[in-house]
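To keep things clear, I will list the structure first and then write my remarks on it.
Protein chains: 2
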Amino acid sequence: MIRTPYLLFLGDAPDMLAAKVAIGIRDWRPENAVGQFRMDGCGADLGIPDLSLDEALEQGCKTLVVGVANRGGVISAAWKEVLVEALQKGFDLASGLHNLLRDEDELVAAARVNGRTLHDVRIPSVAYPIANGKKRTGKRCLTVGTDCSVGKMYTAMAMDAEMQKRGMKSTFRATGQTGILITGGGVPLDAVIADFMAGAVEYLTPDNDDDHWDHIEGQGSLFHVSYSGVTMALVHGGQPDALILGHEPTRAHMRGLPEYQQPSLEDLRDTALALAKVANPNCKVVGISVNTQHMEEAEALAYLAEVEDRMGLPTTDPIRVGAGKLVDALEGI
Amino acid sequence: MIRTPYLLFLGDAPDMLAAKVAIGIRDWRPENAVGQFRMDGCGADLGIPDLSLDEALEQGCKTLVVGVANRGGVISAAWKEVLVEALQKGFDLASGLHNLLRDEDELVAAARVNGRTLHDVRIPSVAYPIANGKKRTGKRCLTVGTDCSVGKMYTAMAMDAEMQKRGMKSTFRATGQTGILITGGGVPLDAVIADFMAGAVEYLTPDNDDDHWDHIEGQGSLFHVSYSGVTMALVHGGQPDALILGHEPTRAHMRGLPEYQQPSLEDLRDTALALAKVANPNCKVVGISVNTQHMEEAEALAYLAEVEDRMGLPTTDPIRVGAGKLVDALEGI
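Residue numbers (this note's numbering), protein chains in the order written: chain H, 120 to 452; chain Z, 120 to 452.
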């Protein structure tokens with residue numbers, strides 16, 4: 120686990136797009152986002168206090184999180200100066216960058232000398248077991264998508280937040296780097312060795328109270344030929360009690376695969392449910408989460424109503440409308 | 120690729136069971152199995168010439184293959200003496216052992232000094248790409264099983280051998296350590312990083328002549344919750360034109376999963392075909408391969424006839440009866 124709360128390092132991010140991870144932390148775990156650290160030329164602003172390293176320490180920050188994409192895939196000398204100083208002052212570092220903190224000699228040395236930890240969240244830190252398929256206590260919900268990047272993480276986070284608001288027992292379970300940085304823990308599933316994928320998901324979602332829900336962050340799609348194996352491991356390792364169908368209706372083709380079209384929601388429902396029943400015969404498809412960000416309000420609401428009517432399942436956009444309907448749908452399970 | 124032909128190292132294998140990999144090489148690539156190297160106390164015998172290192176070199180052997188399981192998971196001092204001498208004399212080494220050749224300092228040093236290569240076939244040696252799903256030329260056949268270890272590799276090898284016999288264009292594509300050692304190349308799919316599994320299968324089965332068949336070694340099962348993600352990557356990365364259903368009818372439960380039962384052949388057919396059509400809409404289920412090794416002859420033949428009648432698909436045991444029926448079934452594709 121990454122120690123919280125965080126000081127969010129934005130470096131010299133050119134714009135808000137480059138600060139996607141930091142934005143996610145601010146939006147979903149504002150209690151973790153105590154302040155931001157910006158360097159000269161930074162074009163991003165999270166609207167939270169600008170803090171020096173010392174100020175952040177005084178306010179209880181434990182980890183400096185690199186919440187920004189770096190230019191050219193290299194940790195620059197200017198960044199490194201700040202990161203080394205942070206280690207010297209007592210921060211841990213956490214990053215989801217492709218180039219790893221652990222591959223930078225200065226950072227490794229400073230962490231060792233100061234007894235601090237470097238978290239590269241793209242890399243598994245645990246030797247996960249082979250999945251054993253044993254039935255676990257507690258309940259699990261998984262969003263499966265018609266495609267990659269249709270809002271599966273946001274759906275799970277929104278459902279978790281709604282349950283927390285209602286006083287229900289609920290945990291968001293991160294399976295990707297952004298989710299891990301937001302919540303401080305999880306499994307970077309796309310970087311796990313093939314044989315251990317399902318076991319990693321079992322490890323992530325252990326026995327729990329009978330009325331506790333794990334909201335497992337989905338990955339890929341059963342219909343996306345590049346990543347379907349990762350999705351399959353979530354369906355079988357997660358042994359979900361409830362599936363949510365995730366969809367983004369404005370795509371011209373599958374993400375990154377110009378020759379492939381998205382499946383219908385009906386095909387997704389039938390395929391995912393049949394596979395999920397292998398691990399949990401009681402699994403049900405309970406609702407639909409549509410990402411309507413590229414639609415106008417009226418168009419979006421009409422689309423949601425049409426899908427709900429056609430599929431006979433509660434349908435919402437958890438960001439535009441809210442996740443209440445999906446949580447309602449879980450209450451009977 | 121591992122350089123062939125081989126001298127097969129049996130060490131002090133207590134019995135034939137420990138020599139499974141060497142037996143596979145002898146049976147499926149006899150031209151690669153020039154001789155065996157046995158140490159004092161060896162209880163295995165492949166029925167091929169016992170050769171010293173020097174004799175094997177004279178007969179053209181290029182690689183000493185550790186075709187045997189080791190006791191206690193440790194490469195013993197007695198083994199190491201032979202392996203170092205082999206490197207000094209000019210052999211490469213290849214092994215599928217859990218403990219890696221590259222983790223043994225003496226072997227690494229001897230390989231470096233003598234300019235030789237250590238092949239640990241459990242570990243990927245290539246940075247595989249992300250799958251792009253593009254349609255490839257040539258034809259591909261994949262066996263999907265009701266369970267793990269139902270004879271998928273033997274089915275693919277037997278079909279390849281039958282095609283070679285008929286003068287057809289055909290290649291066996293290994294996806295596991297035994298297959299890699301037998302043929303000298305392939306992808307250790309269960310050790311590949313999740314995101315690159317399907318890409319590794321695409322890499323393994325590139326564009327080919329229109330009348331050429333790749334026989335892709337299957338792994339796991341879509342119904343085995345521990346490994347289904349690996350199987351899914353084969354179904355989508357392999358974009359098979361033809362599926363064979365693999366089955367072992369005497370199992371009490373799924374291998375390693377006492378709480379799980381095997382699916383019916385009907386369920387396997389429907390599930391696998393629907394998923395395969397995502398990557399190749401023209402994919403067909405063309406036949407059934409039953410592993411009848413635990414049945415008496417009459418029982419086995421009756422079972423094959425019953426399945427063939429019930430499923431309406433050519434059904435055989437490629438080891439007991441032969442793979443001719445399955446190859447016949449491909450000729451129309």
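The C-beta atom is built at its ideal place from N, Cα and C for all residues, glycine as well.
* Does DSSP put Q283/Z in a helix, a strand or coil? -> Translated into the one-based positions of the second sequence, residue 283/Z becomes position 164. In this structure, Q283/Z counts as helix in the three-state DSSP scheme.
* **CB of R255/Z within 9 angstroms of CB of E336/Z, strictly** => Along the second sequence, one-based indexing puts residue 255/Z at 136. Along the second sequence, one-based indexing puts residue 336/Z at 217. Between R255/Z and E336/Z, the C-beta spacing is not below 9 angstroms.
* To do: Please specify which runs of the alpha helix (DSSP H), each continuous and at least 4 residues long, are wholly inside the region 164-243 of chain Z, giving them in chain order.
  => 172-177, 196-208 and 224-233
* S383/H burial status per 10 Å Cβ neighbour count (16 or more: buried) -> Within the first sequence, residue 383/H is the residue found at index 264, counting from 1. Exposed, by the Cβ-count rule.
* How do the region 405-419 of chain H and the region 268-279 of chain H stand: do at least 3 beta-carbon pairs fall below 8 angstroms, yes or no? -> Segments in contact, yes.
* Short Cβ contact (9 angstroms threshold) for L170/H with L219/H -> Position 51 of the first sequence, counted from the start, is the residue given in the question as residue 170/H. Position 100 of the first sequence, counted from the start, is the residue given in the question as residue 219/H. No; because the gap between Cβ atoms is not below 9 angstroms, this pair is not in contact.
* Asked: Smallest Cα separation from M282/H: which of D330/H, T350/H and L387/H?
  -> Residue mapping note: residue 282/H aligns to position 163 of the first sequence, counting from 1. The shortest Cα separation from M282/H among D330/H, T350/H and L387/H belongs to D330/H.
* Could you check where the alpha helix (DSSP H) with V269/H kicks off and where it finishes? -> Locating residue 269/H in the first sequence gives position 150, counting from the first residue. V269/H -> no alpha helix (DSSP H), and no H or E assigned at all.
* To do: List the residues of chain Z whose Cβ lies closer than 7 angstroms to the Cβ of V311/H, in chain order.
  => Along the first sequence, one-based indexing puts residue 311/H at 192. Correct list: A313.
* To do: Starting from the Cα of Q380/Z, find the closest Cα among N399/H, E177/H, A141/H and L136/H and give me that residue.
  => For the purposes of this step, residue 380/Z is taken as residue 261 along the second sequence, with counting starting at 1. The residue with the shortest Cα to Cα distance from Q380/Z is N399/H.
* **Three-way DSSP call (helix, strand, coil) for T294/H in this model** => Translated into the one-based positions of the first sequence, residue 294/H becomes position 175. Three-state DSSP puts T294/H in coil, outside helix and strand.
* To do: Return yes when at least one heavy atom of the ligand ZN lies under 8 angstroms from the C-beta of D239/H, else no.
  => The ligand ZN is absent from the structure shown, which contains no ligand whatsoever.
* With 16 other Cβ atoms within 10 Å as the buried cut-off, status of R148/H -> If you number the first sequence from 1, residue 148/H lands on position 29. Buried, since its Cβ has 16 or more Cβ neighbours within 10 Å.
* Asked: Between the region 201-210 of chain Z and the region 131-138 of chain Z, are three or more C-beta pairs nearer than 8 angstroms?
  -> no
* **Cβ-based neighbour list, A246/H, same chain, cut-off 6 angstroms, excluding 5 preceding and 5 following** => By 1-based counting over the first sequence, the position of residue 246/H is 127. Around A246/H: no qualifying Cβ.
* Report yes or no: is there a C-beta of chain H within less than 9 angstroms of the C-beta of G492/Z? => Nothing about residue 492/Z can be read from this structure; chain Z reaches only from 120 to 452.
* Using a beta-carbon distance below 9 angstroms, is L394/H in contact with chain Z? -> Taking the first sequence and counting its residues from 1, one reaches residue 394/H at position 275. Taking CB atoms only, L394/H has a neighbour in chain Z less than 9 angstroms away.
* Could you tell me whether the region 298-312 of chain H touches the region 299-313 of chain Z, where touching means 3 or more Cβ pairs closer than 8 angstroms? => yes
* Which partner residues of Y125/Z appear in the DSSP bridge assignment? -> Residue mapping note: residue 125/Z aligns to position 6 of the second sequence, counting from 1. Answer is A152/Z and T182/Z, bridged to Y125/Z.
* To do: Taking the CB atoms as reference points, tell me whether L212/H and S347/Z lie closer together than 9 angstroms.
  => As a position in the first sequence, residue 212/H is number 93, starting the count at 1. As a position in the second sequence, residue 347/Z is number 228, starting the count at 1. Not in contact: L212/H and S347/Z (Cβ atoms no closer than 9 angstroms).
* Exposed or buried, which one is R235/H when buried takes at least 16 other CB atoms within 10 Å? -> On the first sequence, position 116 is the one that residue 235/H refers to. R235/H comes out buried.
* C-alpha distance - R241/Z paired with L261/Z, whole-angstrom precision -> In the second sequence, residue 241/Z corresponds to position 122, counting from 1. In the second sequence, residue 261/Z corresponds to position 142, counting from 1. Going from the Cα of R241/Z to the Cα of L261/Z covers about 21 angstroms.
* Whole angstroms is fine: what's the gap from D103/Z's alpha carbon to G257/Z's? => An answer regarding residue 103/Z cannot be provided, because it is not within the stretch 120 to 452 covered by chain Z.
* To do: Decide if T294/Z is buried, meaning its Cβ has at least 16 other Cβ atoms within 10 Å, or exposed.
  => Walking along the second sequence from the start, residue 294/Z turns up at place 175. Classification of T294/Z: buried, given that the 10 Å Cβ count is 16 or more.
* Q296/H CB to nearest chain Z CB: under 9 angstroms? -> Position 177 of the first sequence, counting from 1, holds the residue named residue 296/H. Not an interface residue.
* Asked: Name the chain H residues that come within less than 8 angstroms of K253/Z, Cβ to Cβ?
  -> In the second sequence, residue 253/Z corresponds to position 134, counting from 1. Those within 8 angstroms of K253/Z in chain H are E378.
* Closest by CA to G375/Z, which one among G339/Z, E177/Z, L364/Z and G356/Z? -> As a working note, residue 375/Z is residue 256 in the second sequence. Closest by alpha carbon: G339/Z.
* So with Cβ pairs under 9 angstroms, would you call I335/H a contact of chain Z? -> Locating residue 335/H in the first sequence gives position 216, counting from the first residue. No, because no Cβ of chain Z sits closer than 9 angstroms to the Cβ of I335/H.
* Starting from G441/H, find everything on chain Z with Cβ-Cβ shorter than 9 angstroms and list it in chain order. => Residue numbering aside, residue 441/H sits at position 322 when the first sequence is read from its first letter. Contact annotation for G441/H against chain Z: no contact, minimum CB-CB distance about 33 angstroms [criterion: below 9 angstroms].
* Within the same chain, show all residues whose beta-carbon is closer than 6 angstroms to that of H355/Z, passing over the 5 residues directly before and after it, in chain order. => Position 236 of the second sequence holds residue 355/Z. Within the same chain, H355/Z has close Cβ partners A317 and A398.
* **First through last residue of the alpha helix (DSSP H) which encompasses A421/Z** => One-based indexing of the second sequence puts residue 421/Z at position 302. Segment E416 to M430, the alpha helix (DSSP H) holding A421/Z.
* M276/H in three-state terms, based on DSSP -> In the first sequence, residue 276/H corresponds to position 157, counting from 1. Correct three-state label for M276/H: helix.
* Asked: Comparing the C-beta of H217/Z with each C-beta of chain H, is any distance below 9 angstroms?
  -> Sequence index remark: in the second sequence, residue 217/Z carries index 98 (1-based). Answer no: the Cβ-Cβ gap between H217/Z and chain H never drops below 9 angstroms.
* To do: Work out the CA separation of N401/H and R429/H for me, nearest whole Å.
  => Mapped onto the first sequence, residue 429/H falls at position 310. Mapped onto the first sequence, residue 401/H falls at position 282. Answer to the nearest angstrom: the Cα atoms are 23 angstroms apart.
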